[in-house]
Structure formats: C-alpha cells, structure tokens
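K.L.:
Below is the structure I would like to discuss, written out as structure tokens.
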Amino acid sequence: MTKALLTLSVFFLCATMGAAMALFTGWPVAILSGIVGFILVQQMVSGFSRRRERRATARELAHIRKTHLEFESALTETRGRIGELTGLIEERTTGQNRKIVAELQVLESLMRDFAGKVSRSAAQIPHPAQKPQRGPSSAYVKALDGQGALLETIRASLEQNRVDLYLQPMVSLPQRKLRYYEALSRLRSEDGQVIMPAQYIQVAAGAGLMSVVDNLLLFRCVQIVRRLTQKNRDVGIFCNISGATLADAEFFPQFLDYMQANRDLVGQIVFEFSQEAVLAAGAEGERNLAALATMGFALSMDNVQSLKIDFLRLKAIGFRHLKIRAGTLTRGMGGADVAAEDFKMLLTRHGLNLIAERVEDEKTVVQLLDYGVDFAQGYLFGEPRAVREESLKPAGALEPAPVIPFRKAG
C-alpha cells in the first residue's frame, strides 16, 4: 500500500470517527478530536514509511557492497591473469631470443667454415692453364678442367644461397597417411639448372664442402619445421646429416647447442645418418648421436648396404628408424640373417620402425604390407618438390603459417 493511499484511508477513518463523536459530544469537540487523531495517525503513517524506506535503503546498500566485493574479486583475478600473461610473454620472448641467438651462432660458424673451406679448396685446384709437370694424358686435363668448373659452380651456389630445399612425403602403412617429409638439397647454377647430389657430392666432398651443404640443409630444416608444426604437429621432417658433419669437432657442439634451444621441435624432426657414417662414427661420433637422442630427437639410419646390423648398438645409441630399399625387402633380403617376413619383428624387438624407400608401384605396396612395414617413401606417394623461398624467412615475426607451398622442380 502506498503512502497516499494509506493517508486517504486514515482521513476517511478519522472523518467517520468524528461524525460518530458529533452525535454524542457535539461538533466542536468532535472536530478537535478528529484533528488530533488525524495528526497522531499521520505521524504513525510517516513513521512506518520512514522505516520502510530505511529498510529499502539498507537493502540497496547491501547490494552495492556485494557488487563492490564482487568487482574487487574480479579485479584481483584479472590482475593475476595479467601477471601470468606478462610472465608467459616474457618467457616466450626470452625463449625466442635464445633461439635467434643460437641461430645466428650457427650461421656465423657455417659462414666461417664455408669461407675457410672454399679458400683451401681453391688453392688445391690448379689453374686450367697450368700443365702437370709429368705430362698426363689429355683426358686427365679435360677431367680436371671439368672438376674445376663444377667446383666453382658449387662454390658460387653456396655463396649466393642457391641451395634449394626439397621435401618428399613419407606415409604410414596401410593408411597411406602423410607422416613425414624427407628434406633433400639441390644446388642451382647461375643459369637456373638444377645440380643433383649425384653430380656434386663427390666433388664437394673432395674439396671439403659437403659439410657446408649439409649444415645449410639442417639450418633450413629447422626453419621449415617451425612453420610446418604451426599447422600440423603430426607431421615431421627427416633431415640428413653427413658423416663429415658428425665428425666436425668445431661445428657439431654448436649444432647441439642450437638444437637444445629448439627442443620444442622434439617429435617433429628426425636426424638421419647413413650406415657408413654410423659405422665410422667412433666414440666421439656416438657421443654426439647419443646427445641428440638424449634431448629427445629421433635418429634414423639410411643408405643401408649391409644387413649385418648390430641392432643392440643402434638401440643403445638412440636410433628409432631404419630405412631399407623396397627392392631389398621384396627380393629375398640377400645377406640378412632373417627372412623379410621376420625382419619387422626383429626390428620391433629393438624399438625400431621399418621404413621402405623407393616404392614405385602398387604391387610393391602389397608385398610391403605382408612384411608389416611401418612407413613407405617413393614416387608412388609423391616426388620431391622444392619449397618456396618465402617459407624459409626468419621465424621471428608472428604471422599465420601457410600450408607448405611447393613449386615444381625446374
């Protein structure tokens, strides 16, 4: 009931009482009594109204206090979250700075190593105008001229950054789901011709430049893995390391520091070594391999020439993958102690995945499935394709990572 309605009700009540009294006491007394009664009742009504208003005000104040407390709690929580976010940003920034520093150290070592090896290799090759003292055949002189020209092309390709990164897919069986890429390097001459590894490896290795090619490939593998894993962390990259790099006492410790700063790539990058490099690694090389495995990086062995393999040694070092040519598996496993049907079981006992490479047709896939092969690689599943240079930009900028773009080998 509102105050106005209550007042009106009291007025009618007093008027009724005054009329009743007028019948017995007369109108003057009745009017006076009515006025006094009306004043008293009005004061009572005012008292009730004030108490009701005080209660309403108290409720409003209580609601304001509760809202204030809730606001203070939310503000404190927000400040805490801002503090956590600031710490996380600082931590990530520090981590990114460490990666950049390690990356620059690798580049510095790579360029210093490159400059020294180019100088030494250039001094070892006679000028084409020079003739040997003991009169070798014209065929020898022609071969020497060709080697010198190829070495100069290799040197210029490295110096002018004409080393392209190619990726070839590797799929799981039997699903044929993309699981890895293998990174491969190709050089380009000044006129754009692609120089294949079979053409340059022997000359580059003889001049001490092969480790420079491998080191640059490793550096680019890390760059591309960073972008690839932003889209899909289920896909990794196999990156080849030569025996010369593994034995490089100056470079490899810096490379280990570089990978330590990039341990977030564990699970996305697999380092691959040839059987020859593993056999010739020695105590120092095995320690380097074990250091990578201890960080959590998987190791793989390829270019298997002999199936007389010490699997216990591979397991102790930290190898997780063994790559065998598909033809070796499908043609009787010559030189192996077990049949192809049992080879996979032998590898499983030693914690190794079996990868079949150079798979070219569906008939081979059917045979590989009978042997329980884990992964397969070959032109049947995709040829090597070159990665665009834009995908190899420094990874400092925060930008959306595109799906790995390819351009046809030209």
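When we follow this note's numbering, the leftmost residue of the sequence shown carries the number 17, and every step to the right adds one.
Where a beta carbon is used, it is the ideal one built from N, C-alpha and C, also for glycine.
Using the three-state DSSP reduction, which class does Ala314 fall into: helix, strand or coil?
P.N.:
As a working note, residue 314 is residue 298 in the sequence shown. In this structure, Ala314 counts as strand in the three-state DSSP scheme.
K.L.:
Grab me the residues of Arg446's own chain with a C-beta within less than 7 Å of its C-beta, minus the 5 sequence neighbours each way, in chain order.
P.N.:
With the chain represented from 17 up to 426, any question about residue 446 goes unanswered, as that position is not in the structure.
K.L.:
For Met186, report the span of its beta strand (DSSP E) as first-last.
P.N.:
Here residue 186 is taken as the residue at index 170 of the sequence shown, counted from 1. Segment Val179 to Ser188, the beta strand (DSSP E) holding Met186.
K.L.:
Give, in chain order, every unbroken run of the alpha helix (DSSP H) that is at least 4 residues long and sits entirely within the segment 304-389.
P.N.:
327-333, 342-346, 356-365 and 378-386, all fully within the segment 304-389.
K.L.:
Can you tell which of Lys339, His337 and Leu166 has the C-alpha that lies nearest to the C-alpha of Gln218?
P.N.:
By one-based count along the sequence shown, residue 218 stands at place 202. Nearest C-alpha to Gln218: Leu166.
K.L.:
Does the distance from the CB of Leu183 to the CB of Leu200 come in under 9 Å?
P.N.:
For the purposes of this step, residue 183 is taken as the residue at position 167 of the sequence shown. For the purposes of this step, residue 200 is taken as the residue at position 184 of the sequence shown. Cβ distance < 9 Å, so Leu183 and Leu200 count as in contact.
K.L.:
I'd like the ranges of any alpha helix (DSSP H) spanning at least 4 consecutive residues and lying wholly in the segment 225-307.
P.N.:
As far as the segment 225-307 is concerned, its whole alpha helix (DSSP H) runs of at least 4 residues are 226-247, 259-262, 267-276 and 291-295.
K.L.:
Between Ile240, Ala221, Ala342 and Gln276, which has its C-alpha nearest Ile371's C-alpha?
P.N.:
In the sequence shown, counting from the first residue as 1, residue 371 sits at position 355. Selected option, being the one with the closest Cα: Ala342.
K.L.:
I need the DSSP call for Glu198, collapsed to helix, strand or coil.
P.N.:
Within the sequence shown, numbered from 1, the residue matching residue 198 stands at position 182. In this structure, Glu198 counts as strand in the three-state DSSP scheme.
K.L.:
Across which residues does DSSP place Leu203 in a beta bridge pair?
P.N.:
The residue given as residue 203 occupies position 187 in the sequence shown. In DSSP, Leu203 forms a bridge with Val179 and Ile211.
K.L.:
Taking only three categories from DSSP, how would you classify Ile80?
P.N.:
Numbered from its first residue, the sequence shown carries residue 80 at position 64. Note: Ile80 maps to helix in three-state DSSP.
K.L.:
State buried or exposed for Arg243, treating a residue as buried only when at least 16 other CB atoms are found within 10 Å of its CB.
P.N.:
One-based indexing of the sequence shown puts residue 243 at position 227. So Arg243 ends up on the buried side.
K.L.:
How big is the Cα-Cα spacing for Ile211 and Ile98?
P.N.:
As a position in the sequence shown, residue 211 is number 195, starting the count at 1. As a position in the sequence shown, residue 98 is number 82, starting the count at 1. Roughly 54 Å between the two C-alpha positions.
K.L.:
Where does Pro269 land, buried or exposed, given buried means 16+ other C-beta within 10 angstroms?
P.N.:
Here residue 269 is taken as the residue at index 253 of the sequence shown, counted from 1. Classification for Pro269: exposed.
K.L.:
To the nearest angstrom, how far is the alpha carbon of Lys82 from that of Arg249?
P.N.:
Indexing the sequence shown from 1 puts residue 82 at position 66. Indexing the sequence shown from 1 puts residue 249 at position 233. Straight-line Cα distance between these residues: approximately 47 Å.
K.L.:
I need the DSSP call for Ala402, collapsed to helix, strand or coil.
P.N.:
Indexing the sequence shown from 1 puts residue 402 at position 386. Strand at Ala402.
K.L.:
Quick check on the burial criterion: 16 or more other C-beta atoms within 10 angstroms. Buried or exposed for Leu257?
P.N.:
Working through the sequence shown from its first residue, we reach residue 257 at position 241. Before going further, note that residue 257 is Ile rather than Leu in the sequence given. Buried, by the Cβ-count rule.
K.L.:
Quick check: what's the CA-CA separation for Gln239 versus Leu305?
P.N.:
Translated into positions along the sequence shown, residue 239 becomes position 223. Translated into positions along the sequence shown, residue 305 becomes position 289. Going by the C-alpha atoms only, they are around 21 Å apart.
K.L.:
Exposed or buried, Leu77, counting other C-beta atoms within 10 Å across all chains shown (16 or more means buried)?
P.N.:
One-based indexing of the sequence shown puts residue 77 at position 61. By the 10 Å Cβ count, Leu77 comes out exposed.
K.L.:
DSSP state of Ser89, grouped into three classes?
P.N.:
The residue you call residue 89 lines up with position 73 of the sequence shown. Three-state DSSP puts Ser89 in a helix.
K.L.:
Could you tell me whether the Cβ of Gln270 comes closer than 9 Å to any Cβ of chain C?
P.N.:
Looking at the structure shown, chain C is missing, and only one protein chain is on hand.
K.L.:
Which residues share a DSSP beta bridge with Ala223?
P.N.:
Taking the first residue of the sequence shown as 1, we reach residue 223 at position 207. Bridge partners of Ala223: none, in fact.
K.L.:
On a CA-only basis, which of Ala260, Gly312 and Arg75 is nearest Arg279? Give me that one, please.
P.N.:
As a first step, residue 279 is located in the sequence shown; it is residue number 263 there, counting from the start. Out of Ala260, Gly312 and Arg75, Gly312 has the C-alpha closest to the C-alpha of Arg279.
K.L.:
Starting from Ala392, follow its DSSP beta bridges and name the residues at the other end.
P.N.:
Residue 392 sits at position 376 when you count from the first residue of the sequence shown. Ala392 is bridged to Val187 and Ala372.
K.L.:
So for Arg192, helix, strand or coil by DSSP?
P.N.:
In the sequence shown, residue 192 corresponds to position 176, counting from 1. Coil.
K.L.:
Tell me whether the beta-carbon of Ala332 lies closer than 9 Å to the beta-carbon of Leu181.
P.N.:
The count along the sequence shown starts at 1 and reaches residue 332 at position 316. The count along the sequence shown starts at 1 and reaches residue 181 at position 165. No, the pair does not count as a contact, with Cβ atoms beyond the cut-off.
K.L.:
When burial is assigned at 16 or more other CB atoms within 10 Å of the CB, is Arg236 buried or exposed?
P.N.:
Taking the first residue of the sequence shown as position 1, residue 236 is located at position 220. Flag for Arg236 reads buried.
K.L.:
Can you tell which of Gly224, Leu174 and Leu234 has the C-alpha that lies nearest to the C-alpha of Met206?
P.N.:
To locate residue 206, count along the sequence shown from 1; it is residue 190. Met is not the amino acid found at residue 206; the sequence shown has Glu there. Ranking the options by Cα distance to Glu206, first place goes to Leu174.
K.L.:
Assuming Met275 and Leu308 are in contact, meaning their beta carbons sit under 8 Å apart, how far apart are those beta carbons, in whole angstroms?
P.N.:
Mapped onto the sequence shown, residue 275 falls at position 259. Mapped onto the sequence shown, residue 308 falls at position 292. Right, their Cβ atoms sit about 7 Å apart.
K.L.:
For a test of the three-state rule: what should DSSP assign to Ile217, helix, strand or coil?
P.N.:
Working through the sequence shown from its first residue, we reach residue 217 at position 201. If DSSP states are grouped into helix, strand and coil, Ile217 belongs with the helices.
K.L.:
Alpha carbon to alpha carbon, how far is Gly367 from Arg171?
P.N.:
Walking along the sequence shown from the start, residue 367 turns up at place 351. Walking along the sequence shown from the start, residue 171 turns up at place 155. Straight-line Cα distance between these residues: approximately 41 Å.
K.L.:
Can you check whether the CB of Leu234 is closer than 9 Å to the CB of Phe271?
P.N.:
Counting from 1 along the sequence shown, the entry for residue 271 is found at position 255. Counting from 1 along the sequence shown, the entry for residue 234 is found at position 218. Yes, the Cβ-Cβ distance between Phe271 and Leu234 is below 9 Å.
K.L.:
From Ala221 to Ile253, what does the alpha carbon distance come to, in whole angstroms?
P.N.:
Translated into the one-based positions of the sequence shown, residue 221 becomes position 205. Translated into the one-based positions of the sequence shown, residue 253 becomes position 237. Computed Cα separation, rounded: 24 Å.
K.L.:
Excluding the 5 residues preceding and the 5 following Met226 in the sequence, name in chain order all residues of the same chain whose CB lies nearer than 6 Å to its CB.
P.N.:
One-based indexing of the sequence shown puts residue 226 at position 210. Hits under 6 Å: Ala220, Ser258 and Ala260.
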